[in-house]
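Counting in the numbering used here, the sequence shown runs from 3 upward without gaps.
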Amino acid sequence: MGSSWHARIDRAADNTVGSGFLIDSHHVLTCAHVVHNVPDPIVVFPATHPRQHYPASVVATGPWKREDPRGDFALLKLSQPAPVPPAQFADPIDMDIWRDKKLFSYGFAAGKTASGTFAELRIDDRQVMAREWCQVNAWNGHGQFLAKGFSGAAVYLPDTDHVIGMITDADLTPGQRVGRMLPISTLRQYWEPLDDLLPHTWLGKIGPGPRGQLRRCLADAGLRRTPEVLLAQEFPLLADQGGPSLWRAVTLAAEEIEEPDALARFLFRVIGNLDDAHKASVARHWLTRHLGEPRTTSGTPTSAAVIIRMAPSGLGGYRLEFSIWRGDGRGWTHAIPDPVPSEQVRASVEREMPRLLAEVAGEDFIIEFMMPHDWFTRGTGVENWFTNNDPDDRIQLGLLYPVVMRDVARRRGGSQRWDQAIRRWRKLREVGCESPSLIGCRDKATLSWLADDTRTTIVHADSPTPTEIGKALKFGIPIMMWPRTSCRSGSHDDCAGRKFLSEVSAIVEKSSPDRLPFRVKQLRIAGMDSKPVQRIALFWDDPTRMPDPPLAAS
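Right, here's the structure in full:
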């Protein structure tokens with residue numbers, strides 16, 4: 003294999019500051035610290051054109067600083083096209099190609115700046131340290147290792163010449179043979195056009211060309227919601243990506259989620275949040291051409307929610323806010339300006355329901371009550387509140403729509419509830435509702451039992467107390483169900499609570515988390531003549547479903 007794309011970076015003639023490598027006819031990658039305070043770097047390709055100097059300019063850098071070495075990346079633009087073919091990159095997704103392989107790097111250590119020298123390397127652990135670097139080690143205990151002049155050099159597979167990363171630094175202490183590289187997965191975050199040069203495909207067919215079209219369409223796009231929020235809404239497992247850019251969020255959806263329509267669903271959500279109508283149109287055309295319509299648009303209305311939020315007011319009573327939430331970002335929030343006394347909360351909600359239901363008429367929606375947990379077991383339950391306040395027309399909400407309760411305190415600052423809810427919901431996404439945890443009429447959930455992070459769905463045989471519910475909420479339990487009636491049987495071998503556990507757990511085991519509210523609605527309808535089943539309470543708190551704009555903390 004040839005090595006003509008290896009580059010030496012000079013400050014002036016014969017004053018070498020580091021290494022680099024050609025990635026296309028006009029651009030060379032190197033480290034930011036290599037060209038720091040180098041106003042007019044010069045690029046040389048020693049293998050084929052050692053006497054020809056190419057003036058260059060720095061056109062992009064990462065956030066590198068001497069006190070913070072992250073983002074040690076720089077892009078140089080040559081004043082004229084390079085006379086050699088560029089480097090080729092390895093597949094950034096297939097990190098197994100590094101496994102047990104000898105790797106090469108070609109740099110310009112002191113005394114060897116004219117011709118350069120090879121270092122033989124290995125990567126023992128392919129984990130990315132601090133989401134930034136991979137550690138590189140010497141292949142063996144002798145021979146050339148990384149030294150001053152290797153910064154910016156490519157790390158590549160000698161049998162294919164495919165680049166897997168770039169050297170940034172090394173421990174120069176005598177006897178130490180350890181360094182660091184920025185893998186492609188990190189480099190592509192600092193300069194997103196690098197994705198247009200990578201060989202991998204999405205869904206087996208979307209290669210660099212179509213991928214580049216989409217990237218350029220979304221570049222500098224304005225959004226009504228942040229990419230981080232959109233990503234967490236569609237894929238709770240990706241909720242901790244640290245504020246990704248829009249393009250980074252798109253690549254995560256395409257490469258990290260093993261679902262055939264994951265990218266299509268995420269792009270549909272992004273398009274619904276774009277400020278620029280032209281960009282939205284171009285992105286929609288790309289989506290239709292390359293992926294077709296996602297499931298959310300083919301025969302199934304957009305997921306939506308009517309959210310009623312009750313929060314205790316410092317003035318007494320409750321603040322009431324009403325929101326329409328949709329997965330594509332469309333929605334609104336309306337608040338009653340003054341606190342509502344406790345005894346007037348239900349009537350106030352029922353007065354607002356006609357307007358809310360009209361807004362989502364014909365859509366596939368859920369009614370979500372975000373409320374203090376001491377309301378979960380109060381009265382007949384919110385699922386038995388009415389669709390309006392007209393005695394001749396109203397009917398219980400739970401017989402027409404999926405109705406769930408949510409914990410309003412999970413959005414309050416200073417509580418672990420939000421963090422625990424996200425973690426348990428991730429686990430729920432992984433394992434589903436297949437094995438609900440059952441609590442019998444005479445059983446009590448201990449703190450150690452609740453602390454088991456495999457518990458995601460709890461079914462009670464008897465109505466729990468607010469104290470018992472509060473304990474579960476502290477541990478972020480995502481789903482709880484119970485009958486609205488208490489078991490009064492002396493023997494619990496064949497009591498109503500035991501029958502409730504048997505019937506409801508069988509339904510839960512066959513349902514996905516997202517469809518459970520709809521299955522419970524069917525249970526309520528099917529049990530209209532059997533009150534223990536009809537009057538079933540469902541706590542179902544998906545942390546990704548939040549109103550827009552976000553509701554203020556109380």
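The C-beta atom is built at its ideal place from N, Cα and C for all residues, glycine as well. None of these values were measured; they are calculated from a predicted model.
Following the DSSP letters along the chain, one finds C33 in no beta strand (DSSP E), marked with neither H nor E. Counting the other Cβ atoms within 10 Å of the Cβ of W7 gives 16 or more, which makes it buried. In this structure the segment 162-173 lies against the segment 79-94, because at least three pairs of beta carbons, one per stretch, are closer than 8 Å. Nearest C-alpha to N386 among T119, V351, L78 and G364: V351. Nearest to V522 by alpha-carbon distance, out of I481, S493 and R353, is I481. For C435, no beta strand (DSSP E) run applies, since DSSP gives it neither H nor E. For H51, the enclosing beta strand (DSSP E) starts and ends at H51 to T63. In summary, N275 is buried, with 16 or more beta-carbon neighbours lying within 10 Å of its beta-carbon over all protein chains present. If you ignore the 5 residues before and after C435, its C-beta comes within less than 8 Å of the C-beta of T458, T459, I481, V510, E511, S513, S514, P515 and L518, all in its own chain and listed in chain order. Across the structure, R213 and S247 are spaced so that their CA atoms are roughly 16 Å apart.
Two segments are said to touch when three or more pairs of C-beta atoms, one from each, lie closer than 8 Å; by this definition the segment 367-383 touches the segment 466-477. Counting only runs of at least 3 residues, the segment 329-362 fully encloses the following beta strand (DSSP E) elements, listed from N- to C-terminal order: 334-337. Listed in chain order, the non-local C-beta contacts of E354 below 6 Å within the same chain comprise F324, local neighbours out to five positions each way being set aside. Taking every protein chain shown into account, the CB of M131 has fewer than 16 other CB atoms within 10 angstroms, so this residue is exposed. Shown here, R68 sits in coil according to DSSP, grouped into three states, outside any helix or strand.
In this structure, W327 and C219 do not form a Cβ contact; the two beta carbons are roughly 27 Å apart against a cut-off of 8 Å.
In its chain, beyond the 5 residues on either side, T119 and A121 have a beta carbon closer than 6 Å to the beta carbon of Q146.
Collapsing the DSSP output to three states places I368 in a strand.
Here DSSP, grouped into helix, strand and coil, assigns A474 to helix.
At a Cβ-Cβ threshold of 9 Å, G20 and V37 count as neighbours.
Of the other Cβ atoms in all chains shown, 16 or more fall within 10 Å of the Cβ of D544; this residue is therefore buried. E370 is positioned such that its CB atom lies closer than 9 Å to that of W542. In chain order, E470 place their CB closer than 8 Å to the CB of K446, counting only its own chain and leaving out the 5 sequence neighbours on each side. Using a Cβ distance threshold of 9 Å, P160 and F75 do not count as a contacting pair.
The C-beta separation of P94 from S187 comes to about 5 Å, placing the pair in contact by the 8 Å criterion. Cβ atoms of D198 and R227 stay farther apart than 8 Å, at about 26 Å. Put simply, the backbone Cα of T448 is about 51 Å away from that of R286. Between P393 and R332, the alpha-carbon positions lie close to 32 Å from each other. DSSP places K501 inside the alpha helix (DSSP H), whose first and last residues are A498 to E511. When DSSP states are grouped into helix, strand and coil, H202 belongs to the coil group. I273: member of the alpha helix (DSSP H) spanning A264 to I273, first to last residue. Inclusion of L322 and V347 in the CB contact set at 9 Å is warranted, their separation being smaller than that value. Q90 sits in a strand when the DSSP states are folded into three classes.
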